[in-house]
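Chemist: As numbered in full-length UniProt numbering, the sequence shown has no gaps in its residue numbers, which increase by one up to the final residue, 481.
Virtual Cβ for every residue (Gly too), placed ideally from N, Cα, C.
If you're wondering where the values come from, they're calculated on a predicted model, not measured in any experiment.
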Amino acid sequence: MRRRMNQSCSFMNFTVGGLLMSVLFLIVYGTFRCKVCEPQPFNIGINIDAMKDLSYTEKVFYHRAYNLYRTNDVTYLDYAKSVLYPDSLLNNMTKHLLTELYGNTHSESQSSDKSNDVVDDLRYNLVKYFGTTLGKYSVVFTFSGGQALKIIAESLKFDSNSKLFYSSSSNLDILGIRSFASEKGATVKSFDLSNIDINPSELSKDSFHLISLPLVDQFDGTVVSKEQMQKVIALNNSDPFVVSLIDASHYLSCNKLNLTETPFSAVSFDLRNIFGFPNLGVLLIQNDLILKLEKPYFGGGTLVYALPSQDVLKMRMKPSEKFEDGSLPFLNLVAATNGFEFIDHLKIENIHNNVINMTQKLIKIIENVKYEDNKKATVIYGNNQESIISFNFIDKNGNIKSFEPYLASALKNNIQISAGCHNTPGTCFSALKIDENKIESEIENINISSYGSLRLSVGWATTEADINRFNEWMQFVVNKI
């Protein structure tokens, strides 16, 4: 009897102990479950069509809450580096890849045909988006916007009588194409956008000439005006002919470019600068120009065949395919189709208005920041900005202060901004009054990364909350560092 009671007590002790452990587990599990185990809001289905009657502000609020959940604790002001991509782009891409079979575009199969249909549709939709047709422009897909610029530079038949003109606002991608012209003996010269004084009558009529510039200065955000664009385009129609090569990546983040109104010879950009994903370069080339280009390298699917022991090869017939080395990233092209649908949902004119509005508010905040004695605390660079604001803090004597402690403070407070020369040394050195010759002579002893400015850049999903949070930080940091 006693043995049976002991067994019963032992069982009860085990049961009570187990129950207590279970309760403790539920308490601990319940504490962390909402953060770790529950599905997050970005996993829900986003019905864009259901938002068609909402205002732009309401749409952005909804997307920030459910389609950009990962940014909830971040004040993101770095769109010039990377545009925020909505989760729905990835969800829609995944849905396509799970339900459809896409094959290599250079293969011979039903899956290859499906991929080619996607590619052809995207080429058509791209030229339509730019207000032109495939009869006037060819669409070449590349691995990046920089690669798109390189295609033109390496394929133009420069000679010793050729001239390459590039703007002083050129980024590193454009500066990189100078070597292709110099190696072939061409004259290389920079110009200022405020004074485009290129005289076609001074150019050789038997040689190729190139003018290249970005539509947005990545250092100070200055946007090329319509008038300046027309001056560049006028060179297209001059005798001799001057090829105009434009980097439109940052311009397209909040603007449309109509190539019927502004028919540049070639336009390069990266799709990630428009809707965040995928990272895919695009080059639009006028058809009468693409036939005059001589690409030095051909490989992969750009060839029909090549003989192994002789320099004999046959190219594909379509001009655009001749410039697409290897197999296209056809899976990324699926995501690109969804990206343009997303832009159409928001409307580019609404994005533009939001960007301008938020930029002006940020400029006002920066201009009004003062020290306790009411002395000015900041200096802003550039003019005619749309989405980028570049500035530095100055001391009470007007001297520029190092941006490094301010950048560290911003990042510590989850405010994501950029610092440096922002890939645009010409404008950077000019704004900061840096002697380029001194940099060249003392390059081994200079920390070049310490030169530059703080840069804010806004985009489609920037909200009043982001602006207010930045303002709070500015008011806090101005008298602390």
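Which residue or residues does DSSP assign as beta-bridge partners of R64?
Modeler: None; R64 has no bridge partner.
Chemist: Report the start-end ranges of each alpha helix (DSSP H) in the region 322–390 that is 4 residues or longer and not cut off at the edges.
Modeler: The alpha helix (DSSP H) runs lying completely inside the region 322–390 and spanning 4 residues or more are 330–346 and 348–368, given in chain order.
Chemist: Once DSSP output is grouped into helix, strand and coil, what is the label at Y81?
Modeler: In the sequence as presented, Tyr is not what sits at residue 81; that position holds Lys. In the structure shown, K81 sits in coil (DSSP, three-state: anything other than H, G, I, E or B).
Chemist: Could you check if residue 482 is buried or exposed, using at least 16 other CB atoms within 10 Å of its CB as the buried criterion?
Modeler: Beyond the ends of the chain as shown, which are 1 and 481, falls residue 482; an answer cannot be given.
Chemist: Please report the straight-line C-alpha distance between A80 and N279, rounded to a whole angstrom.
Modeler: Distance between the alpha carbons of A80 and N279 is about 14 Å.
Chemist: For a test of the three-state rule: what should DSSP assign to L193, helix, strand or coil?
Modeler: helix
Chemist: Does the distance from the C-beta atom of Y85 to that of F275 stay below 9 Å?
Modeler: Taking 9 Å as the Cβ cut-off, Y85 and F275 qualify as a contacting pair.
Chemist: From S162, N195 and S268, pick the residue whose C-alpha is nearest to that of L203; which is it?
Modeler: S162
Chemist: Within its chain, find whatever has a CB closer than 7 Å to the CB of L293; leave out the 5 residues flanking it on each side and keep chain order.
Modeler: S155 and L156
Chemist: Tell me whether the beta-carbon of N354 lies closer than 9 Å to the beta-carbon of W460.
Modeler: Going by C-beta atoms, N354 is nearer than 9 Å to W460.
Chemist: Do you know how far the Cα of L259 is from the Cα of D344?
Modeler: In this model, D344 and L259 are separated by some 19 Å (Cα to Cα).
Chemist: Whose CA, out of H422, N350 and D466, lies closest to the CA of N413?
Modeler: D466
Chemist: By the three-class DSSP mapping on this structure, what secondary structure does N273 have?
Modeler: helix
Chemist: Could you give the residue range of the beta strand (DSSP E) that holds G420?
Modeler: S418 to G420
Chemist: Just to confirm, are P200 and S167 a CB contact at a threshold of 9 Å?
Modeler: With a cutoff of 9 Å on beta-carbon distance, P200 and S167 are scored as not near each other.
Chemist: Would you mind reading off the limits of the beta strand (DSSP E) that contains V478?
Modeler: No beta strand (DSSP E) contains V478, which DSSP labels as neither H nor E.
Chemist: Could you check the C-alpha separation between residue 511 and N236 for me, to the nearest Å?
Modeler: Residue 511 cannot be examined here, being either before or after the span of the chain that is shown, 1 to 481.
Chemist: Looking at the strands, I want to know which residues DSSP matches up with H209.
Modeler: K163 and V242
Chemist: Taking the alpha carbon of L283 as the reference point, which residue from V188, V140, N357 and F403 has its own alpha carbon closest?
Modeler: Measuring from the Cα of L283, the nearest candidate turns out to be V140.
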